[in-house]
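Protein chains in written order, with the numbering used here: chain A, 39 to 333; chain B, 3 to 421. Beneath this line is the structure, given in structure tokens, with notes to follow.
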Amino acid sequence: MEFLLVSLLNGLSYSLLLFLLSAGLTVVFSLMGVLNFAHASFYMLGAYLGFQISLWAGFWSALVLAPLAVGALGMLVERHLLRAVHRRGQTAELLLTFGLAYLIAEAVQLLWGRSALPFHPPAALEGPLFSLYGSAFPAWRAFMMALALAMLVAIALTLRYTRVGLIVQAAFTHPHMVEALGHDVPRIFMWTFGAGAALAGLAGVIGGSAFVTEPGMAAAIGPIVFVIVVIGGLGSLPGAFIASIAVGFIQTFAVGFDFAVAGVSVAQAAPVLPFLAMVLVLLFRPSGLLGNRAD
Amino acid sequence: MTSRRFQWIAFAALLAAPPLFFEGGFALTLASQAGIAIILALSYNMLLGQTGLLSFGHAVYAGLGAYAAIHAMKLIGAGSLPFPVALLPLIGAVAGGTVAVLLGYVSSRRGGLTFAMISLGIGEMVHAAAALFPALFGGESGITADRAGMRVTTSVADTVAIAAQLGLDFSSAHAVCWLIAAWTLASALAMYGFTRTPLGRLANAVRDNPERAAQIGVDPRRVRWLVMIAAGAFAGIAGSLSAILFEIVSAENLGTPASVAMLIAAFIGGTGAFFGPVAGALVYTLMSSAVAAVTPAWPMYLGALFILIVLKAPGGLASILVDARQSGIYGRFGSAVMGLSVVSALAVLAGFVGLVESAYALAGSPGTAAGWLATLPGGRATGVVLSAALLMAGREIRHRLAARRPMPPNAAALPEHAA
Chain A
39 MEFLLVSLLN GLSYSLLLFL LSAGLTVVFS LMGVLNFAHA SFYMLGAYLG
89 FQISLWAGFW SALVLAPLAV GALGMLVERH LLRAVHRRGQ TAELLLTFGL
139 AYLIAEAVQL LWGRSALPFH PPAALEGPLF SLYGSAFPAW RAFMMALALA
189 MLVAIALTLR YTRVGLIVQA AFTHPHMVEA LGHDVPRIFM WTFGAGAALA
239 GLAGVIGGSA FVTEPGMAAA IGPIVFVIVV IGGLGSLPGA FIASIAVGFI
289 QTFAVGFDFA VAGVSVAQAA PVLPFLAMVL VLLFRPSGLL GNRAD
Chain B
3 MTSRRFQWIA FAALLAAPPL FFEGGFALTL ASQAGIAIIL ALSYNMLLGQ
53 TGLLSFGHAV YAGLGAYAAI HAMKLIGAGS LPFPVALLPL IGAVAGGTVA
103 VLLGYVSSRR GGLTFAMISL GIGEMVHAAA ALFPALFGGE SGITADRAGM
153 RVTTSVADTV AIAAQLGLDF SSAHAVCWLI AAWTLASALA MYGFTRTPLG
203 RLANAVRDNP ERAAQIGVDP RRVRWLVMIA AGAFAGIAGS LSAILFEIVS
253 AENLGTPASV AMLIAAFIGG TGAFFGPVAG ALVYTLMSSA VAAVTPAWPM
303 YLGALFILIV LKAPGGLASI LVDARQSGIY GRFGSAVMGL SVVSALAVLA
353 GFVGLVESAY ALAGSPGTAA GWLATLPGGR ATGVVLSAAL LMAGREIRHR
403 LAARRPMPPN AAALPEHAA
């Protein structure tokens, strides 16, 4: 029972982190048509910059400054690289962001070395928030969940109910009309991409301190985030939410199980399960859970 | 036509030269690796260039082909499988193709971005699953086999394997290099032939406009699937050759980095021309071996080259040559503008290399060039300033040149023309 409850909470906090990442990816995709392969790399940069800034100015400054720095980098990338290939379509943009991910992985190893960094949550939140039947639930996990939820609600409200959200959405669907109304559409795209990068950076500060900060973290979580987007249906935010919860729970719970199927224990098979889930979903629903049928 | 024939003769000469002129050593290993990389890049381009499928998981087919080959090698070595080593790639081809029948069924329904993401997921799945079955995949250390003294003894196989009758002994790197060269030429010819089949043409149609292809009664999914099977089989050939060459196959052969290497090689070389990926495979092999020998920064240069190609020459190195010929730059060779253009490009390159090398030296992993920079009066700082100055000056000159020149003919478009 206590295993179940604590696993449930751990699974939920991990799921929310995954959703923070996949939401950023989905929002940028549905507002700009860009599938950002470097999204997980921005996550990794957030973790590394967060670590660096926390050494100089403390953790709380890092939580604010690192996402801003990653967002600024995202804006530079949009302005100077992505914009140049936008005209050539989605595959060109994917290839460009892929190249960028390759460079960021190399740059991170150059700047911070190949081993994991000692990046931890602040001492104030390291203790347990409460104990359930002797199993402690860390306060940091609770904070992580609250922050992720707050960010997601903020995005949803901004996009839905504010003037800025309206213009950003219209910039993708009716760029000429928005331009005619006096808005600078390329600049809107730059800010949108920057915001997506900043979100990934924020997830990086949270995830890097909660789990691990090492050069392989982007390559480890990137495919998972892509799998979530495929399972949920490309471009669907509710789909990404359902898939994040499902994948987060699958990964958390599988590790705790110790029965075996065909000589392979479930715990060992944990890394395979999200991908297997993707294949199963694709077999029965080719456009993902909530995706529309058009390609 | 003659130009095409000349290209093939040059290609065959390129493959035959290393084993003709070298007896052993680094050059032969490099040539063998290049041959494998060429098959992989060409096979990858059946997907990207010809069918418009951007894959992040093509190593699955090469890797599983390699595993099939290494298990067969072990059986041959134990004397329980009468099969000529020279024909092992056939086993790899069957394995790669069969796996593509299964995985292609799942992933071929969509093209575009969805296909790219699914291929990444499937690649990760197979890589992770390999760790679950150590008996088949050898766990951390992989599966090893010994090709030394492998000959075919049974009479049935002898009639099949001319190589075995000649007594070719694959313990020498020399014989393996010949074997790889022969398979590379045969595979490249077969893949070129594929582009001229009805299926190859339909693949182009599906790449350019899947809706229109569907309208005229061609099922895009079926075409993608069939091309994936063919490409998987060729990747399996390359995988088996790497099993013969290295005598070891591990889960690394299946992973995303291996797939990414194929993508980079094919794209840098150029997906629009048949021989483009060959050039890319050569560049990739040189970068990962020769350049890697003098600087730890080689992945940085490879990544920068990739981004530069995406931005400036989406048709790859092949399209740069074609563009240069079409725009008559060859005619103006030796002119002042041409000279300045080349000199400024070299200045930008030298400046960039200088800065990157200085950065790596600062981070504690200096390459050979960083050693030279440190010998300058004033040491590393002078190197940085000089490199930055070169980079800025070169850029400035190129900007001014670009402002004077009429726009060059548009570089070959990406495989995806739909946008």
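Cβ atoms here follow ideal geometry from the backbone N, Cα and C, with glycine treated the same way.
- For PHE139 (chain B), not one C-beta of chain A is nearer than 7 angstroms to its own C-beta.
- In the structure shown, LEU167 (chain A) falls within a strand segment according to DSSP collapsed to helix, strand and coil.
- For PRO309 (chain A), a Cβ of chain B is located within less than 7 angstroms of the residue's own Cβ.
- With a contact defined as Cβ atoms closer than 8 angstroms, GLY94 (chain B) and GLY67 (chain B) qualify at about 3 angstroms.
- Against chain A, a Cβ distance below 8 angstroms from LEU56 (chain B) picks out THR129, LEU132, LEU133.
- Under the three-state reduction of DSSP output, ALA133 (chain B) falls in the coil class, being neither helix nor strand.
- The alpha-carbon of THR53 (chain B) is positioned some 13 angstroms away from that of THR199 (chain B).
- ALA216 (chain B) and THR116 (chain B) have their C-alpha atoms roughly 18 angstroms apart.
- With respect to the C-alpha of VAL262 (chain B), the residue from B:VAL220, B:ARG327, B:PHE308 having the closest C-alpha is B:PHE308.
- Just so you know, the alpha carbons of ALA307 (chain A) and PRO276 (chain A) end up roughly 28 angstroms apart.
- Three or more Cβ pairs drawn from the segment 99 to 108 of chain A and the segment 236 to 243 of chain A lie within less than 8 angstroms of each other, which places the two stretches in contact.
- In the DSSP assignment, ALA320 (chain B) falls within the alpha helix (DSSP H) that extends over 318 to 328.
- By the CB criterion at 7 angstroms, ALA256 (chain A) and MET82 (chain A) fall inside the cutoff.
- Across the structure, VAL251 (chain B) and ALA97 (chain B) are spaced so that their CA atoms are roughly 15 angstroms apart.
- In the three-state DSSP reduction, THR230 (chain A) falls in the helix class (H, G or I).
- A check of alpha carbon separations from LEU190 (chain A) across A:LEU58, A:LEU327, A:VAL102 identifies A:LEU58 as the nearest.
- For ALA260 (chain B), the closest Cβ of chain A is not nearer than 7 angstroms.
- LEU187 (chain A) sits exposed, since fewer than 16 C-beta atoms from the chains shown fall within 10 Å of its C-beta.
- Put simply, the backbone Cα of ARG225 (chain A) is about 13 angstroms away from that of ALA208 (chain A).
- Distance from the CA of LEU103 (chain A) to the CA of ALA177 (chain A), rounded to the nearest whole angstrom, comes to 22 angstroms.
- For GLU213 (chain B), the enclosing alpha helix (DSSP H) covers residues 212 to 217.
- Under the Cβ distance rule, MET48 (chain B) does not count among the residues neighbouring chain A, no pair being separated by less than 7 angstroms.
- The bridge partners DSSP lists for ALA174 (chain A) are A:SER169.
- TYR286 (chain B) does not reach chain A, its nearest Cβ partner there being about 13 angstroms away, counting only Cβ pairs nearer than 8 angstroms.
- Bounds of the alpha helix (DSSP H) holding THR211 (chain A) are 201 to 211.
- Taking the C-beta atoms as reference points, MET193 (chain B) is found no nearer than 7 angstroms to GLY106 (chain B).
- Within the segment 361 to 387 of chain B, the residues whose Cβ lies closer than 7 angstroms to some Cβ of chain A are ALA361, TYR362, ALA365, listed in chain order.
- Residue pairing from DSSP places VAL251 (chain B) in a beta bridge opposite B:ILE145.
- Along the segment 99 to 117 of chain A, none of the residues has a CB nearer than 8 angstroms to a CB of chain B.
- Where PHE136 (chain A) is concerned, the enclosing alpha helix (DSSP H) starts and stops at 128 to 150.
- Residues of chain A whose Cβ lies closer than 7 angstroms to the Cβ of ALA131 (chain B) are, in chain order, VAL310.
- In the displayed model, VAL220 (chain B) falls within coil according to three-state DSSP, outside both helix and strand.
- Residue range 28 to 53 is occupied by the alpha helix (DSSP H) that includes PHE28 (chain B).
- In the DSSP assignment, VAL293 (chain A) falls within the alpha helix (DSSP H) that extends over 275 to 294.
- Scanning its chain for C-beta atoms nearer than 8 angstroms, with the 5 sequence neighbours on each side dropped, one finds around SER174 (chain B) the residues GLY26, in chain order.
- The beta-carbon of LEU243 (chain B) is placed no less than 7 angstroms from the nearest beta-carbon of chain A.
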